[in-house]
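J.: Same order as they appear, the protein sequences are chains A and Y. Take any residue in the first sequence, count from 1 to its spot, add 21: that is its number in the working numbering. Take any residue in the second sequence, count from 1 to its spot, add 21: that is its number in the working numbering. I have a structure here, written as structure tokens, and I will follow up with some questions on it.
Protein chains: 2
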Amino acid sequence: MSNVTLEPRRDGGKGADTRATILARALDLASVDGLEGLTIGRLASELGMSKSGVFAHFGSKQELQLATVAAAAERFRIAVIEPALRAPDGALRLRAMAAAYLDHLEGNDYSGGCFWAATSAEYDDRPGPVREAIAAALDAWLGELERQARLAGAADPGRFAFELYAVVMGANSRFRMSGDRAVFGYAREAIERRLGELPT
Amino acid sequence: MSNVTLEPRRDGGKGADTRATILARALDLASVDGLEGLTIGRLASELGMSKSGVFAHFGSKQELQLATVAAAAERFRIAVIEPALRAPDGALRLRAMAAAYLDHLEGNDYSGGCFWAATSAEYDDRPGPVREAIAAALDAWLGELERQARLAGAADPGRFAFELYAVVMGANSRFRMSGDRAVFGYAREAIERRLGELPT
DNA sequence: CGAATAAACGAACGTTCGTGCTTTTTTGTA
DNA sequence: TACAAAAAAGCACGAACGTTCGTTTATTCG
């Protein structure tokens with residue numbers, strides 16, 4: 022009766038693998054239908070599991086949403102941050118970050134586009150822990166852009182970071198809606214132009 | 022028994038007023054919760070109506086969504102397009118359109134931000150008539166930007182239109198998430214800079 | 001091997017969803 | 001003022017939602 026385990030362990034057991042499998046699928050579903058449209062029943066049926074089996078890993082839908090946000094942040098770190106770290110601080114790092122991001126977006130035909138574009142639009146008017154988690158991830162990204170812009174000698178790093186962010190997100194938005202790949206070219210050229218304006 | 026009217030009339034009767042009232046509220050709700058999160062029950066209770074009373078005006082949820090998109094397009098026309106028409110074609114018109122849009126976004130503290138930003142992110146992976154309606158509205162907006170950019174003598178009007186779009190939408194996105202009004206200044210300055218690069 | 005615990009299952013709950021059918025109230029007009 | 005049409009309400013439905021519960025199957029470990 023004592024020490025009742027309500028949720029699977031999050032460490033080495035079999036549960037950790039299942040949890041990772043669930044979150045990988047949750048990430049794809051949420052990129053398409055949003056974190057609110059993500060349902061435990063759908064998730065379970067796509068995984069060949071029972072609703073309660075999936076549910077037990079998180080204890081509530083909100084915890085599932087928060088775990089999905091964390092998984093998205095980790096995937097973003099691997100797909101975008103990590104590759105860009107090989108470039109030196111400053112303008113070259115900025116170029117590498119933007120390029121990795123755009124490549125990631127352009128290559129993601131299969132899944133539902135940028136997780137952060139979808140979920141930030143979904144939660145920008147929905148207070149609560151999920152919104153805060155998304156906002157923190159975006160602030161971290163913008164903050165890193167700003168930090169690198171400062172190292173690159175930008176006159177107004179905050180402004181510089183905003184412009185990079187806007188162009189990348191704009192390309193994702195337009196590509197998703199129109200299917201026109203030309204927007205990635207527009208975005209890359211705009212970024213190059215801005216980078217070229219930095220002090221040498 | 023013959024000629025049964027399933028939906029209220031869309032013309033001069035009282036039904037037209039009610040329909041407009043419903044759509045006005047639907048627009049606000051959809052700006053916050055999206056067109057999928059918009060529910061007939063919630064709409065009815067906020068309006069002090071019955072679910073079936075609201076439902077009868079549209080016949081299906083999808084029709085309600087399509088009518089809401091149309092209402093959003095009309096509001097956008099009044100708030101952004103119309104005021105900008107007083108400026109002459111070309112660069113001045115572009116400046117007026119962007120300014121009206123940014124003012125509209127910055128002044129919309131009460132409601133849920135840009136309807137088009139919210140719904141395009143929501144439907145970019147959801148095929149169907151609603152997506153097509155949203156895409157058509159966005160294409161019309163981008164097309165008008167491009168047309169004016171061409172009249173202003175831009176070397177690549179499509180690229181020019183994309184950059185304006187990205188900066189305005191980026192400002193909306195960042196403001197909604199961070200609450201930082203400085204992004205509107207960033208956006209206005211970026212637009213002025215691009216307009217200044219046009220041939221005189 | 002056997003006991004303990006982790007993991008997944010299946011059924012049910014109360015609620016809300018969109019939608020259909022019927023009835024009542026309101027509106028416009030002859 | 002009477003009456004037909006329009007508008008709104010009432011009621012019910014099947015499905016899906018998140019969640020809880022008790023039970024069963026897998027896994028781990030002494």
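We put the beta carbon where it would ideally sit given N, CA and C, even for glycine. For clarity, every value in this text was computed on a predicted model and none was experimentally measured.
With 16 other CB atoms within 10 Å as the buried threshold, where does D54 (chain Y) fall?
T.: buried
J.: Ignore the nearest five residues each way along the sequence and tell me which others in S194 (chain A)'s own chain have a CB closer than 8 Å to its CB.
T.: A138
J.: Helix, strand or coil: how does DSSP classify H78 (chain Y) here?
T.: coil
J.: Going by Cα to Cα distance, which pick from A:L56, A:T60, A:G62 and A:E67 is closest to T42 (chain A)?
T.: Nearest C-alpha to T42 (chain A): A:E67.
J.: Following the continuous alpha helix (DSSP H) through I61 (chain A), name the residue where it begins and the one where it ends.
T.: I61 to L68
J.: Could you give the DSSP three-state label for T42 (chain A): helix, strand or coil?
T.: helix
J.: Against chain Y, does E84 (chain A) count as a neighbour if the rule is that its beta carbon must be under 8 Å from one of theirs?
T.: no
J.: Quick check: the Cα distance between N129 (chain A) and A91 (chain A), rounded to an integer number of angstroms?
T.: 19 Å
J.: Start and end of the alpha helix (DSSP H) containing N193 (chain Y)?
T.: P178 to S199
J.: In the DSSP assignment, find the alpha helix (DSSP H) that holds D160 (chain A) and state where it starts and stops.
T.: First-last of the alpha helix (DSSP H) with D160 (chain A): P150 to L172.
J.: Taking L216 (chain A) as part of the alpha helix (DSSP H), name the residues at either end of that continuous run.
T.: A203 to G217
J.: Run the CB neighbour count on D110 (chain Y), radius 10 Å, all protein chains shown included, and call it buried at 16 or more, exposed below.
T.: exposed
J.: Taking M198 (chain Y) as the query, report the chain A residues whose CB atoms sit under 7 Å from its CB, ordered along the chain.
T.: S141, D145, A156 and L159
J.: For the stretch 100-129 of chain Y, list the alpha helix (DSSP H) runs that are entirely contained and at least 4 residues long, ordered along the chain.
T.: 112-128
J.: Within 10 angstroms of the Cβ of R107 (chain Y), are there 16 or more other Cβ atoms? Answer buried if so, exposed if not.
T.: exposed
J.: Could you check whether T89 (chain A) and L163 (chain A) sit closer than 8 Å to each other, using their CB atoms as the reference points?
T.: no
J.: Between E57 (chain Y) and G58 (chain A), what straight-line distance do the alpha-carbon atoms span, to the nearest angstrom?
T.: 8 Å
J.: So if I threshold CB-CB distances at 7 Å, which residues from the stretch 54-74 of chain A count as touching chain Y?
T.: G55, E57 and G58
J.: From A182 (chain Y) to R209 (chain Y), what does the alpha carbon distance come to, in whole angstroms?
T.: 15 Å
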